[in-house]
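In this note's numbering, the protein residues as written are 675 to 788. Below: the structure, in structure tokens.
Structural data, given as structure tokens:
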């Protein structure tokens with residue numbers, strides 16, 4: 675499993691992005707054990723990471739306003755899970771995910787029209 679994590683091509687692309695932009699913490703996370711970070715990528719994509727440092731499952735909620743995508747833009751995110759290569763589209767302007775204890779979710783997101 676460790677080798678799978680360390681050699682994940684999507685994760686390496688996010689880390690080695692040409693623009694070398696710093697990640698930033700998303701602030702509207704209410705659970706003290708859950709942290710959420712974002713990174714703007716060179717091609718306009720956004721990398722999102724959700725981390726649960728607690729011993730209980732949690733729910734992470736992120737409003738797209740925090741990523742500069744308010745409802746008025748007519749845009750949303752198409753999110754691709756870098757671990758499982760699954761894609762979901764954000765509905766109603768809010769990302770909502772269950773996250774297991776001591777787990778992380780990482781997504782590469784593209785801004786798309788609704």
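Idealized CB from N, CA, C, for every residue including glycine.
In the structure shown, the three-state DSSP call for residue 747 is helix. From the listed residues 736, 717, 714 and 758, the smallest Cα separation to residue 724 is found for 736. Around the beta-carbon of residue 765, fewer than 16 other beta-carbon atoms lie within 10 Å, marking it exposed.
When the Cα atoms are used, residue 696 and residue 713 turn out to be separated by approximately 6 Å. With a contact defined as Cβ atoms closer than 8 Å, residue 702 and residue 745 miss out at about 16 Å. Comparing alpha-carbon positions, the option among 684, 698 and 729 lying closest to residue 706 turns out to be 729.
Collapsing the DSSP output to three states places residue 693 in coil.
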